[in-house]
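In order, the protein sequences belong to chains A and B.
Here my numbering runs 171 ahead of the position in the first sequence, where the first position is 1.
Here my numbering runs 1340 ahead of the position in the second sequence, where the first position is 1.
Think of the CB as a built atom: it goes at the ideal place given N, C-alpha and C, for glycine as much as any other residue.
In what follows, a single structure is set out as structure tokens and then discussed.
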Amino acid sequence: MQWLAFGLFTLLTVLGALGMSTTMSMFRSGIFLMASFIGVAGLFILLSADLIGLLQIMMYIGGMLVMILFMLLFSMDPGGAMMAGMKMSSIERLFSRGLKPQREDEDGGHSGQNEMNEEGDSDEQKLHDHATVQHSGMKMGGGHDHHAMQNSDDRSGQSEQDQPHHGDMAGMNMGDANEAHNRHDHAAMNHANTDHGADGQKNQEQSGEHDQMHHSGMDHGDMDDMEMGGMDMSMVTPARPWAAYLGLAVSVVLVGLLLWRPAWPIYNGPFSTDAPREIGTLLMGKYMMAFEGAGMLILLGIFGAVMLQRPGSHPSDQGRKAYVTSEENPVRISEDES
Amino acid sequence: MTIPLSAYLIVAAVLFGIGIYTVVAQRSAVMVLMGVEVLLNAIGLNLIAFWRYVHPQDYSGQIFTILIVTVGAIEMAVGLAIMMLLYRNRQTQQVDDYQELKG
């Protein structure tokens, strides 16, 4: 029974963390992170640290995860719709292969915001353009078999096949809101393909697709904040395999150390299970200074966060200055055309 | 107590590896912060496991875990505030675009 619970929570924890790091949808990775937190809280409770388990759930899920999911709204592609197509090119991404068709059902729903990115170097542009093209092939595939679409090493022919589907893709198999998001995606892709044309070095066969996407890209007017949105699609750095090896090596080293020195003196005697009393006594006695320090750190953190977010406080903040000057003569809402 | 201590430690090690990978490989700053959270979770799991199996009568391990959770919360708050600031300045959230922060 104990092993069953342990296995369950371990599975939840590890799979949650793994899915968090490998899925392309940031929103989904937040949800995976929540699963991982719950698993860790379950392990805590299994270790008879009930208070810490509850604290884990309350602080991590109640506090931090809400902050994370809020911050995800500012990211370029929280739903991972745009980078879903570049997913299949690496072995590491086998983990997300199962995740991806599920994400396709909702991929229009979360991929709202893109942002301008002035300073991307050309290598990454090419990389992202690859991603864009793959993604466009997949998006245009629409309701078709996504697995087939995603194995798009032969994406040139595939995308040409998919072009006729592109027009009805925007209205296909999604609701109205998703339709709008799809349009956003297409516009972002337009910009990305513009960059790709500027590169001009690879994949001439996609120029036709490029033009067609320009034609089918709608609503250019209301997405001025989405220019070049397709550029930074990859959620991972180019150092990804290296990072995978690093993580694997860290795990192996830790487990190896564990096997190397397996014997800690295990205490099997009785102990007090009145965790709040014990913790409170320790916090008010032995760890008083640590408690005070943590409280002061929280205070400083809150104060610092508020100070950082105060509008107009930063002298070198151009965007904020523009914001403040535009607010000096505010336009009435009834007259605000935009 | 049928589950050995090593099982928890292995879980924590795997979690730590995944966290390292996430921190290094992810491009978005939010994902990096998520990886840091996973790292802190692994540390807390280690601490609680050692507390339970080695010194369950001394609740210092739980105190440390509470402190770690606190530090994680502060780190998340300040990190997200800084990220919001950077987002307003740079209009991007990818850590590669913050390279001129090196000076």
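Where residue i falls, given that 16 or more other Cβ within 10 Å makes a residue buried
i	result
Tyr458 of chain A	buried
Phe215 of chain A	buried
Ile1386 of chain B	Note that residue 1386 of chain B corresponds to Asn in the displayed sequence, not to Ile. Counting Cβ neighbours within 10 Å, Asn1386 of chain B comes out buried, since at least 16 surround it.
Pro436 of chain A	exposed
Pro441 of chain A	exposed
Met467 of chain A	exposed
Asp445 of chain A	exposed
Met197 of chain A	buried
Thr1432 of chain B	buried
Gly427 of chain A	exposed
Tyr1399 of chain B	buried
Arg1392 of chain B	buried
Ala420 of chain A	exposed
Leu175 of chain A	exposed
Phe1390 of chain B	buried
Leu217 of chain A	buried
Ser443 of chain A	exposed
Pro1396 of chain B	buried
Gly1401 of chain B	buried
Within-9 angstroms CB hit, residue i to chain B
i	result
Leu225 of chain A	no
Trp174 of chain A	yes
Leu479 of chain A	yes
Trp431 of chain A	no
Ile450 of chain A	yes
Leu214 of chain A	yes
Ala446 of chain A	yes
Ala206 of chain A	no
Ile202 of chain A	no
Ile504 of chain A	no
Met460 of chain A	no
Met455 of chain A	no
Leu179 of chain A	no
Met360 of chain A	At Met360 of chain A the pLDDT is 44, less than 50, meaning the model places this residue with poor confidence; the figure from the coordinates comes in the next sentence. Chain B, which has no Cβ nearer than 9 angstroms to the Cβ of Met360 of chain A, makes this no.
Ala188 of chain A	yes
Met191 of chain A	yes
Sub-9 angstroms separation of residue i and residue j beta-carbons
i	j	result
Leu236 of chain A	Leu186 of chain A	no
Gly210 of chain A	Thr184 of chain A	yes
Leu1406 of chain B	Leu244 of chain A	The sequence given here has Ile at residue 1406 of chain B, not Leu. For Ile1406 of chain B and Leu244 of chain A, no; Cβs fall outside 9 angstroms.
Arg1367 of chain B	Val1435 of chain B	yes
Ile1358 of chain B	Ser192 of chain A	yes
Val1376 of chain B	Val1363 of chain B	yes
Ile450 of chain A	Ile1403 of chain B	yes
Ala230 of chain A	Met1424 of chain B	The displayed chain sequence assigns Met, not Ala, to residue 230 of chain A. Contact: no.
Leu222 of chain A	Phe1356 of chain B	no
Ala1365 of chain B	Phe177 of chain A	no
Ile239 of chain A	Leu1420 of chain B	yes
Met1371 of chain B	Gly234 of chain A	no
Tyr1361 of chain B	Ala414 of chain A	yes
Ala212 of chain A	Ile228 of chain A	yes
Thr1342 of chain B	Gln480 of chain A	no
Ile1388 of chain B	Ala220 of chain A	yes
Min CB distance residue i to chain A below 9 angstroms
i	result
Gly1359 of chain B	yes
Below 8 angstroms, how does it come out for the segment 1368–1387 of chain B and the segment 1405–1419 of chain B: are there three or more Cβ pairs, yes or no? Three or more pairs of CB atoms, one per stretch, sit closer than 8 angstroms, so the segment 1368–1387 of chain B contacts the segment 1405–1419 of chain B.
Mind listing, in chain order, the continuous alpha helix (DSSP H) runs of no fewer than 4 residues lying wholly within the segment 178–252 of chain A? 197–217, 221–227 and 236–243
Looking at chain D, which residues of the segment 1373–1387 of chain B have a Cβ within less than 8 angstroms of any of its Cβ atoms? Considering every chain present, this structure includes no chain D. Its protein chains are A and B.
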